[in-house]
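To keep things clear, I will list the structure first and then write my remarks on it.
Protein chains: 2
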Amino acid sequence: MNEASFQHHLEKYISLTEQEFDFIRTYFTHKKLKRSEYLIQSDQLVNHTYWVKSGLLVSGFTDSKGKEHIIQFAIENCWITDQQAFYNRSKATFNILCLEDSEVLCLSYQKREKLCADVYKMNTFFRKKANDSFVKQQRRLLTYMTSEAKERYNLLMQEYPGLVQRVPKKILAAYMGVTRETLSRFR
Amino acid sequence: MNEASFQHHLEKYISLTEQEFDFIRTYFTHKKLKRSEYLIQSDQLVNHTYWVKSGLLVSGFTDSKGKEHIIQFAIENCWITDQQAFYNRSKATFNILCLEDSEVLCLSYQKREKLCADVYKMNTFFRKKANDSFVKQQRRLLTYMTSEAKERYNLLMQEYPGLVQRVPKKILAAYMGVTRETLSRFR
DNA sequence: TCAAAATAGTGATGTAGATCACATTCGCTC
DNA sequence: GAGCGAATGTGATCTACATCACTATTTTGA
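If you read the sequences in order, they're chains A and B. Residues in the first sequence are numbered from 1 upward in steps of one, following this note's numbering. Residues in the second sequence are numbered from 1001 upward in steps of one, following this note's numbering.
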């Protein structure tokens, strides 16, 4: 199977020969999911992290007051899992749901640690990737601190153009931290 | 100089012999700062990340409306820098200010990359540390999404007990994303 | 050591967005 | 392609917190 886009993704941070890539690829398994299937459900043990080859997924949860919150959208080339649960070998807080038919590459915790030990470059890849994810998430935190809802909406539109078309409005609203009524009034 | 607490900190994720630690230590320099000195000022190039040996620092910035926001408190055993600027070799958005006399260990970008290349365990250390930082910051984002100000105040008190005594109220308020008037009314 | 500045508390009023209630339209399933 | 539940839009009202205005206290530095 041709997974040039995955190799491209890795090469954003490290450079690889074909042989190295093929070897790395053996640590991953492949999975297809249908729209409205769950990749992870809350309270399950989380043993994998996923790289999205195609499709669209969201991670989210329902808080103690019954309100839904969206943590992350994942489109092509994104990684997704419940990180807290994955790194701490514990149970998921979040649900991860397919909004469209999707294909993902799966990497177990054990394989990931082994991959980092076996292939030095991949240790570096995950380190750099983690640093970038931190910065990206920090930017999102900043928008929560500095912007009002209307501005956050515009920022989301900039970051993922076309997402509005693909995602139910109530999920967009839950990502932005407003009610669907408020979001509706922005449009 | 005895830096047992730094070795302890590293050993949260990796195990080291005395020799290994001493070698790693040579990549860092030492710096003392006085209260109200800046470690980083916005618009400066950021070439170092810092591990706090003692004292108390905050990173923050002033937004386009002139409102101040606090990103992070750093006490003993915390790392602090403007990560966006540090990883992207660019200029700081944040100021990092000493609220108390402080001592830090300094690691330049070049030395950090070299350290990761020279000492495999340190590549792993920074990878794991970055993953944990991501999760910790995600928890903070969640409190912004799910809790009201009063609850966020209680959560901050839990995470850093005693901080209220050490930090001006307007800085606490800016960390929590409320005005100092609102914070004052919680107490 | 003393004046100026920064910090902190509190009341009155304004406002973004939540909540509730209901109408309309869209998209499945049989 | 009829029928039913989910998704969406919109008005009326409510509320947490911001903003403004003023006073009291503490810190600082000349």
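We treat Cβ as the ideally placed atom computed from N, Cα and C, and that holds for glycine. A quick note: this is a predicted structure, and the numbers were derived from the prediction, not measured.
The segment 131-162 of chain A: which residues have C-beta closer than 8 Å to a C-beta of chain B, in chain order? Of all residues in the segment 131-162 of chain A, only Asn131, Asp132, Ser133, Phe134, Val135, Gln137, Gln138, Arg139, Arg140, Leu141, Leu142, Tyr144, Met145 and Thr146 place a beta-carbon less than 8 Å from a beta-carbon of chain B.
Which stretch, first to last residue, makes up the alpha helix (DSSP H) that contains B/Leu1057? The sequence position of residue 1057 of chain B within the second sequence is 57, counting from 1. No alpha helix (DSSP H) contains B/Leu1057, which is instead part of the beta strand (DSSP E) from His1048 to Thr1062.
Bridge partners of B/Leu1045, per DSSP? Residue numbering aside, residue 1045 of chain B sits at position 45 when the second sequence is read from its first letter. In DSSP, B/Leu1045 forms a bridge with B/Lys1091.
Does B/Gly1177 come within less than 8 Å of chain A when only Cβ atoms are used? Counting from one through the second sequence, the residue named residue 1177 of chain B turns up at place 177. Contact with chain A is found for B/Gly1177, since one of that chain's Cβ atoms lies less than 8 Å from the residue's Cβ.
Evaluate the contact criterion for the segment 1034-1049 of chain B versus the segment 1066-1082 of chain B: three or more CB pairs, one atom per stretch, below 8 Å. Taking a cut-off of 8 Å on C-beta distances, the segment 1034-1049 of chain B touches the segment 1066-1082 of chain B, as three or more cross pairs fall below it.
Just tell me which of B/Ala1149, B/Tyr1153 and B/Arg1180 has its CA closest to the CA of B/Glu1068. As a position in the second sequence, residue 1068 of chain B is number 68, starting the count at 1. Selected option, being the one with the closest Cα: B/Arg1180.
What are the start and end residues of the alpha helix (DSSP H) that includes B/Thr1124? Walking along the second sequence from the start, residue 1124 of chain B turns up at place 124. Unbroken alpha helix (DSSP H) run through B/Thr1124: Tyr1120 to Thr1146.
Any idea if B/Arg1187 is buried or exposed, counting beta-carbon neighbours within 10 angstroms, 16 or more meaning buried? Residue numbering aside, residue 1187 of chain B sits at position 187 when the second sequence is read from its first letter. So B/Arg1187 ends up on the exposed side.
Within 10 angstroms of the Cβ of B/Asn1154, are there 16 or more other Cβ atoms? Answer buried if so, exposed if not. Here the question's residue 1154 of chain B lines up with position 154 in the second sequence. With fewer than 16 other Cβ atoms within 10 Å, it is exposed.
Beta-carbon proximity list for B/Asn1123, same chain, < 7 Å, skipping 5 on both sides: Within the second sequence, the letter at position 123 stands for residue 1123 of chain B. Around B/Asn1123: Cys1116.
So which residues on chain A does B/Cys1116 lean against when the C-beta distance must stay under 9 Å? On the second sequence, residue 1116 of chain B is found 116 positions in, with the first residue counted as 1. Result: Asn123, Thr124 and Arg127.
So with CB distances below 9 Å, who are the chain B contacts of A/Tyr87? As a first step, residue 87 of chain A is located in the first sequence; it is residue number 87 there, counting from the start. Residues of chain B passing the Cβ test: Lys1128, Asn1131, Asp1132, Phe1134 and Val1135.
Under 7 Å by beta carbon: chain A residues contacting B/Asp1063: If you number the second sequence from 1, residue 1063 of chain B lands on position 63. Those are Thr146, listed as they occur along chain A.
I'd like to check one pair, A/Gly55 with A/Ile70: are the Cβ atoms closer than 8 Å? In the first sequence, residue 70 of chain A corresponds to position 70, counting from 1. In the first sequence, residue 55 of chain A corresponds to position 55, counting from 1. In this structure, A/Gly55 does not lie closer than 8 Å to A/Ile70 by Cβ.
Kindly indicate which three-state DSSP category B/Leu972 falls into: helix, strand or coil? As displayed, chain B neither begins before 1001 nor continues past 1187, which places residue 972 of chain B out of reach and without an answer.
Is there a C-beta anywhere in chain B that falls below 8 Å from the one on A/Tyr120? Taking the first sequence and counting its residues from 1, the one referred to as residue 120 of chain A is at position 120. Closer than 8 Å: yes.
Cβ-based contacts, 7 Å cut-off: residues of the segment 40-70 of chain A near chain B: Asp63 and His69
Which listed residue (B/Leu1016, B/Leu1172, B/Lys1031 and B/Gln1110) has its alpha carbon closest to that of B/Phe1073: Counting from 1 along the second sequence, the entry for residue 1073 of chain B is found at position 73. Ranking the options by Cα distance to B/Phe1073, first place goes to B/Leu1172.
Could you tell me the boundaries of the beta strand (DSSP E) in which B/Tyr1038 lies? Position 38 of the second sequence, counted from the start, is the residue given in the question as residue 1038 of chain B. Here the beta strand (DSSP E) through B/Tyr1038 covers Tyr1038 to Ile1040.
Buried or exposed for B/Gln1158, please, with buried defined as at least 16 other CB atoms from any protein chain shown within 10 angstroms of its CB. Locating residue 1158 of chain B in the second sequence gives position 158, where the first residue counts as 1. B/Gln1158 is exposed by the Cβ-count criterion.
Quick one: which chain B residues come within Cβ less than 9 Å of A/Gln83? Within the first sequence, numbered from 1, the residue matching residue 83 of chain A stands at position 83. Per Cβ cutoff of 9 Å: Asn1131, Phe1134, Val1135 and Gln1138.
Considering only residues of the same chain and omitting the five flanking positions on each side of A/Ile14, which have a CB-CB separation below 7 Å? What you label residue 14 of chain A is simply residue 14 of the first sequence in a count that begins at 1. If we look at A/Ile14 and ignore the five residues flanking it on each side, its Cβ neighbours are Lys121, Thr124 and Phe125.
Determine the extent of the alpha helix (DSSP H) in which A/Lys67 is found, giving its start and end residues. Taking the first residue of the first sequence as 1, we reach residue 67 of chain A at position 67. That residue, A/Lys67, is in no alpha helix (DSSP H); it is neither H nor E in DSSP.
With DSSP run on the structure shown, which of helix, strand or coil describes A/Ser15? Working through the first sequence from its first residue, we reach residue 15 of chain A at position 15. Correct three-state label for A/Ser15: coil.
Going by Cα to Cα distance, which pick from B/Lys1150, B/Tyr1027 and B/Val1135 is closest to A/Ala85? Position 85 of the first sequence, counting from 1, holds the residue named residue 85 of chain A. Of B/Lys1150, B/Tyr1027 and B/Val1135, the residue nearest in Cα terms is B/Val1135.
Just to check my reading of the structure: A/Ser200 and A/Leu33 have Cβ atoms closer than 8 Å, yes? What is that Cβ distance to the nearest angstrom? Missing from the structure shown is residue 200 of chain A; chain A here goes from 1 to 187 and no further.
What is the DSSP secondary structure of B/Phe1073, counted as helix, strand or coil? On the second sequence, position 73 is the one that residue 1073 of chain B refers to. Reduced to three states, the DSSP call for B/Phe1073 is strand.
A/Lys169: first and last residue of the uninterrupted beta strand (DSSP E) it sits in: Stepping through the first sequence from its first residue, residue 169 of chain A is reached at position 169. Where A/Lys169 is concerned, there is no enclosing beta strand (DSSP E), although the alpha helix (DSSP H) it sits in stretches over Lys169 to Met176.
6 Å Cβ shell around A/Asn77 - same chain, five flanking residues per side excluded: Here residue 77 of chain A refers to the residue found at position 77 of the first sequence. Same-chain partners within the cutoff: His9.
Residue range of the alpha helix (DSSP H) that includes B/Lys1034: The sequence position of residue 1034 of chain B within the second sequence is 34, counting from 1. Careful: B/Lys1034 lies outside any alpha helix (DSSP H) and carries neither H nor E.
N- and C-terminal bounds of the alpha helix (DSSP H) containing A/Arg185: Your numbering for residue 185 of chain A matches position 185 in the first sequence. Looking at the DSSP string, the run of the alpha helix (DSSP H) that includes A/Arg185 is Arg180 to Phe186.
Between the C-alpha atoms of B/Ile1252 and A/Leu141, what's the straight-line distance to the nearest angstrom? Here chain B has residues from 1001 to 1187 only, and residue 1252 of chain B is not among them.
Opening and closing residue of the alpha helix (DSSP H) in which A/Glu151 lies: Walking along the first sequence from the start, residue 151 of chain A turns up at place 151. Segment Ala149 to Glu159, the alpha helix (DSSP H) holding A/Glu151.
Counted within 10 angstroms of its Cβ, other Cβ atoms place B/Ser1184 as buried (16 or more) or exposed: Start at 1 with the first residue of the second sequence, and residue 1184 of chain B comes out as number 184. Burial call: exposed.
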